[in-house]
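Working notes, structure below.
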Amino acid sequence: MPLPLSRAQIGSIVESQDAPLALWSGAVSSGKTIASLLAFLLRIVVAPDHGLVVIIGRSLNTIERNIIDPLSSTHLFGPLARHVHHTTGSTTAVILGRTVHLIGASDARAEGRIRGSTIALAYVDEATLVPHAFWMMLLSRLRVGDQSRLLATTNPDGPFHWLRKDFILRGPEVGLVNWHFTLDDNPSLAPTVVARLKAQYTGLWYRRFILGEWCLASGAVYDMFDEDRNVVDLLPYMKRWTAVGVDYGTANPFSAVLIGHGEDNHLYAVSEYRYDSKLAYRQQTDAEYSADVRQWLASVRRPGEQGQARGVQPNWIFVDPSAASFMNQLWAEKVPNVAPAVNDVLDGIRSVGVALGSGLLRIHRSCAGLLGELPGYTWDEKAAERGEDKPLKTDDHSADALRYALHSTAHEWRGLIDYKEATSAAA
Numbered sequence: 256m257p258l259p260l261s262r263a264q265i266g267s268i269v270e271s272q273d274a275p276l277a278l279w280s281g282a283v284s285s286g287k288t289i290a291s292l293l294a295f296l297l298r299i300v301v302a303p304d305h306g307l308v309v310i311i312g313r314s315l316n317t318i319e320r321n322i323i324d325p326l327s328s329t330h331l332f333g334p335l336a337r338h339v340h341h342t343t344g345s346t347t348a349v350i351l352g353r354t355v356h357l358i359g360a361s362d363a364r365a366e367g368r369i370r371g372s373t374i375a376l377a378y379v380d381e382a383t384l385v386p387h388a389f390w391m392m393l394l395s396r397l398r399v400g401d402q403s404r405l406l407a408t409t410n411p412d413g414p415f416h417w418l419r420k421d422f423i424l425r426g427p428e429v430g431l432v433n434w435h436f437t438l439d440d441n442p443s444l445a446p447t448v449v450a451r452l453k454a455q456y457t458g459l460w461y462r463r464f465i466l467g468e469w470c471l472a473s474g475a476v477y478d479m480f481d482e483d484r485n486v487v488d489l490l491p492y493m494k495r496w497t498a499v500g501v502d503y504g505t506a507n508p509f510s511a512v513l514i515g516h517g518e519d520n521h522l523y524a525v526s527e528y529r530y531d532s533k534l535a536y537r538q539q540t541d542a543e544y545s546a547d548v549r550q551w552l553a554s555v556r557r558p559g560e561q562g563q564a565r566g567v568q569p570n571w572i573f574v575d576p577s578a579a580s581f582m583n584q585l586w587a588e589k590v591p592n593v594a595p596a597v598n599d600v601l602d603g604i605r606s607v608g609v610a611l612g613s614g615l616l617r618i619h620r621s622c623a624g625l626l627g628e629l630p631g632y633t634w635d636e637k638a639a640e641r642g643e644d645k646p647l648k649t650d651d652h653s654a655d656a657l658r659y660a661l662h663s664t665a666h667e668w669r670g671l672i673d674y675k676e677a678t679s680a681a682a
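The opening position of the sequence shown corresponds to residue 256 in our numbering, with each subsequent residue numbered one higher.
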């Protein structure tokens, strides 16, 4: 049976049918995707034959995951789902008997995929992630008279993002209607799901993805960091040595942070290696760094074990992917489990923020470099005014090492978060 709809969802579906540009924005899981897809299905039925129908997303994989999979779900769309046909990996689908083209738009070059086309109906997933040049090209392709329609969804971004500045704030001028959704607009969400969502996002992303604000990336990146909650003097027994994150530096500091999974099911930044050539008045070679890191890991005390047990072998050593020569040095010396870190900066910051904000991550007081950097790690406000979310690239070496270790293993530890505890702590 299809999911129930809220009054806000029904209203947006009805009103969108006459809007040249229709945008559903707001909180995650607020029901905007379901409403927009129902509106899209209604428009497919009446879309002119002499124009293409397209679905646009960051990549083909995200289109399949965010759009095609939900449309194919009888739980969400009932008998309509039986009229959605798609083979994984194909760039077309057949929806309600109409061929629909699936177009990934990860960069400005993607505009060539629609150049010269006549588009009758377009659906855009996560519009803020679509390049501005592609969006403008798409608008120019909507040329089936006054019958062309564009429907889009998005989570909020910064207040200077082109979508807000040039379209949302100028809605009546450009023919755009925007509906803002909150978690309360999704009647299918259970209270436990709402609590989990609120615990998963912290700081900047809580304001954008939960409160639905178009807010500036300003101030501290990790404004959820709390010394009383996140810093410890004693460590429990470690069930698993999860990973080491390495931020490579020659003129800048070299930092490595060791993460362990404690017997209390919390993550711990147990120990840190750091070398600053400016303080030492000497730069080191890859071979010297490799020897130092191996010696450091061999000397790390294993807490909760009898005596003074020392020496750990982490499951992974994740290295700054730009440090190819250092990885080659480690591989040549047959250091096990070395891999390039996942270096998606914003997603990585979000992973660290979740671990800190939920109370899952605790940092031992001996990690002086990391603890010295986290409170002062700030957003670049000049970049934010240009519509970009970027942290300032100063005093971030241990913070980057922590990000490499945590984000590269996020799939392993996210299930450890106690969302009830996290929600009560946030309250």
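For glycine and all other residues, C-beta sits at the position ideal for the given N, C-alpha and C.
- Counting only unbroken stretches of 3 or more residues, the beta strand (DSSP E) elements lying wholly within the region 579 to 656 are 593 to 595 and 616 to 619, in sequence order.
- Distance from the CA atom of Tyr503 to the CA atom of Ser327, rounded to whole angstroms, is 46 angstroms.
- When secondary structure is reduced to three states using DSSP, Asp440 falls in the helix class.
- Using a 10 angstroms sphere on the CB of Ile514, the tally of other CB atoms reaches 16 or more, which defines it as buried.
- Per the C-alpha coordinates, the member of Pro259, Asp673 and Ile672 positioned closest to Leu444 is Pro259.
- 8 angstroms or more divides the Cβ of Val512 from the Cβ of Leu418.
- Here Ser663 is buried: its Cβ has 16 or more other Cβ atoms, across all protein chains shown, within 10 Å.
- One Cα belongs to Val609, the other to Gly426, and the distance between them is close to 34 angstroms.
- In summary, Trp668 is buried, with 16 or more beta-carbon neighbours lying within 10 Å of its beta-carbon over all protein chains present.
- 8 angstroms or more divides the Cβ of Pro334 from the Cβ of Leu292.
- A Cβ-Cβ distance of about 11 angstroms is found for the pair Gly266 and Phe436, leaving them out of contact under the 8 angstroms criterion.
- In this structure Ala638 is not in contact with Leu471, their Cβ atoms being roughly 10 angstroms apart against a cut-off of 8 angstroms.
- Under the three-state reduction of DSSP output, Val548 falls in the helix class.
- The beta strand (DSSP E) runs lying completely inside the region 454 to 526 and spanning 3 residues or more are 493 to 502 and 509 to 517, given in chain order.
- Cβ atoms of Val432 and Ala274 come within 8 angstroms of each other, at about 4 angstroms.
- CA-CA distance, Pro508 to Leu393, rounds to 45 angstroms.
- Assignment of alpha helix (DSSP H) within the region 364 to 414, counting only whole runs of 4 or more residues, yields 387 to 396 in chain order.
- In this structure the region 360 to 367 lies against the region 387 to 402, because at least three pairs of beta carbons, one per stretch, are closer than 8 angstroms.
- C-alpha of Trp571 to C-alpha of Gly500: approximately 8 angstroms in a straight line.
- The count of Cβ pairs closer than 8 angstroms, one atom from the region 488 to 500 and one from the region 563 to 578, reaches three, so the stretches are in contact.
- Comparing alpha carbon positions, the residue from Ala524, His341 and Gln584 closest to Leu661 is Ala524.
- Counting the other CB atoms within 10 Å of its CB gives Ala587 a total below 16, which places it among the exposed residues.
- A residue is called buried once 16 or more other Cβ atoms fall within 10 Å of its Cβ, and Ala654 is buried on that count.
- Here DSSP, grouped into helix, strand and coil, assigns Gly670 to helix.
- By the neighbour-count criterion, in which 16 or more other beta carbons inside 10 Å mark a residue as buried, Gly614 falls on the buried side.
- Glu468 is positioned such that its CB atom lies no closer than 8 angstroms to that of Pro491.
- Residue pairing of Arg565 in beta bridges, as defined by DSSP: Arg556.
- For Val309, no alpha helix (DSSP H) segment is defined; the enclosing uninterrupted segment is the beta strand (DSSP E) at Leu307 to Gly312.
- Distances from the alpha-carbon of Leu459 to those of Val449, Leu452, Tyr477 and Thr505 put Tyr477 closest.
- Between the alpha carbons of Gly566 and Lys645 lies a gap of roughly 37 angstroms.
- Its chain contains Tyr503, Asp541, Tyr544 and Val574 as the residues whose beta carbon lies nearer than 7 angstroms to that of Phe581, once the 5 sequence neighbours on both sides are disregarded; these appear in chain order.
- DSSP, reduced to helix, strand and coil, places Gly359 within a strand of the structure shown.
- Thr347 sits close to Val355, with the two beta carbons spaced by under 8 angstroms.
- Ranking Glu319, His330, Trp279 and Ser510 by CA distance to the CA of Gly627 puts Ser510 first.
- When the alpha-carbon of Asp650 is set against those of Ala294, Gly631 and His666, the nearest one is in Gly631.
- When DSSP reads this structure, Ile289 sits in no beta bridge, so it has no partner.
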